[in-house]
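Residue numbers (the UniProt record's numbering): 1 to 358.
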Amino acid sequence: MPQVLRQHAEDQFAEELAELKRADTRQRPANWELSPWAVVRYLMGGRLDNGFELSAKYIGDARLMEIAVATLATDRALLLYGVPGTAKSWVSEHLAAAISGDSTRLIQGTAGTSEEQLRYGWNYAQLLAHGPSEAALVPSPLMQAMRAGKIARVEELTRIPADVQDSLITVLSEKTLPIPELGSEAQAVRGFSVIATANNRDKGVNELSAALKRRFNTVVLPVPASAADEIAIVTKRVGEMGRALELPAEPPALKEVQRVVQIFRELRSGQTEDGKTRIKSPSSTLSTAEAISVINSGMALAGHFGDGVLRPADMAAGLIGAVIKDPVQDQAVWTEYLETVVKERSDWKDLYRAFREL
1 MPQVLRQHAE
11 DQFAEELAEL
21 KRADTRQRPA
31 NWELSPWAVV
41 RYLMGGRLDN
51 GFELSAKYIG
61 DARLMEIAVA
71 TLATDRALLL
81 YGVPGTAKSW
91 VSEHLAAAIS
101 GDSTRLIQGT
111 AGTSEEQLRY
121 GWNYAQLLAH
131 GPSEAALVPS
141 PLMQAMRAGK
151 IARVEELTRI
161 PADVQDSLIT
171 VLSEKTLPIP
181 ELGSEAQAVR
191 GFSVIATANN
201 RDKGVNELSA
211 ALKRRFNTVV
221 LPVPASAADE
231 IAIVTKRVGE
241 MGRALELPAE
251 PPALKEVQRV
261 VQIFRELRSG
271 QTEDGKTRIK
281 SPSSTLSTAE
291 AISVINSGMA
301 LAGHFGDGVL
311 RPADMAAGLI
321 GAVIKDPVQD
331 QAVWTEYLET
341 VVKERSDWKD
351 LYRAFREL
């Protein structure tokens, strides 16, 4: 079997999930692989009583994860909402992996997502030959999850047209999916729920109807509260991805991670870390996920075209590409930041030269 580029969460962390399952003695909702307490432990990481170490999947407020898991233990669906790059899809995948042991029942929301992709479709060869029948029915991931009592995931819910979104209302309120062509319905088995994600950059694209909003409990995932948290997230994910991609470079020095994170946080907030200088913010989101990509790109440059040590010149191109999405507006913002902030920091001279050389 060829080595896959990215394993599903339940495969990558199979050992952790198995250890948790053995140690978990608390009550589990129907068809859950772990108790709610154990699901949160899996997400937040830590040491079990037997000494086994769980890695942190989410670095942030544990209470948010408790609210998310408690929601799924009731009859309400969960909507993870926030700015791009705040780990909504990551958390959604790990919740499904820990609760259902399967994170692959996924519907990717786009402007072209149809009602059939949410509900069910048909095998047209069977349909033409024998007419509507259970054998001709092609269940969607949502219907599969209903029948199995598992978690279904819907990514980028607000990218889906509003009339298609509303086909979820009956599923979430009545826990049934009518199949009028067969005169029957699919009824949800206990343990079924839906985790949807949406980002606030899509606000106003396809707003959720009031009826659909009521079927979800919304948990807002914020950007990391502190620079230390964001540095920890970036360092952890860069290390994991570097090993997975087998990049021939050393792990980045903490100093370089700190500088990338500081640049992103300052441009996001519109002021320098010390609060003394106001600066303009670019149109780009400058998410934690983008910071991870900048450093991974730099490691690839350092490993394949350098000496394997990440240096400012390796990060510069990726940083500029992350910041400048609008070639006019963002270029002006970046130039001002470079000349008024980066240039004035005595310990950032090497970074300033790397930017200027580009």
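C-beta atoms are modelled at their ideal positions from N, C-alpha and C, and glycine is treated no differently. In this text the structure is predicted, and so the values were computed from the model without any measurement.
At least three beta-carbon pairs within less than 8 Å, the segment 186-196 to the segment 147-155: yes
Where the alpha helix (DSSP H) containing residue 264 begins and where it ends: 254-269
Nearest neighbour of residue 182, chosen from 255, 303 and 135 [CA to CA]: 135
Endpoints, beta strand (DSSP E) assigned at residue 122: 120-122
Spatially closest choice to residue 115 from 149, 208, 140 and 91, by CA coordinates: 140
Any alpha helix (DSSP H) of 4 or more consecutive residues that is wholly inside the segment 290-325: 312-323
Expected contact under 8 Å - CB spacing of residue 322 and residue 286 to nearest Å: The pair is a contact, with the Cβ atoms about 7 Å apart (cut-off 8 Å).
Backbone CA spacing between residue 206 and residue 192 [nearest angstrom]: 25 Å
Backbone secondary structure at residue 216 - three-state DSSP: Note: residue 216 maps to strand in three-state DSSP.
N- and C-terminal bounds of the beta strand (DSSP E) containing residue 152: Note, residue 152: beta strand (DSSP E), 151-155.
Range covered by the alpha helix (DSSP H) that runs through residue 165: 162-165
Cα-Cα separation between residue 177 and residue 117, rounded to whole angstroms: 13 Å
Three-way DSSP call (helix, strand, coil) for residue 199 in this model: If DSSP states are grouped into helix, strand and coil, residue 199 belongs with the strands.
Buried or exposed by the 16-neighbour rule on C-beta atoms within 10 Å, applied to residue 304: exposed
Spatial distance of residue 68 from residue 62 (CA atoms): A direct Cα-to-Cα measurement between residue 68 and residue 62 gives close to 10 Å.
Element boundaries [beta strand (DSSP E), containing residue 373]: With the chain covering 1 to 358 only, the question about residue 373 has no answer from this structure.
Rounded C-alpha distance that separates residue 14 from residue 164: 35 Å
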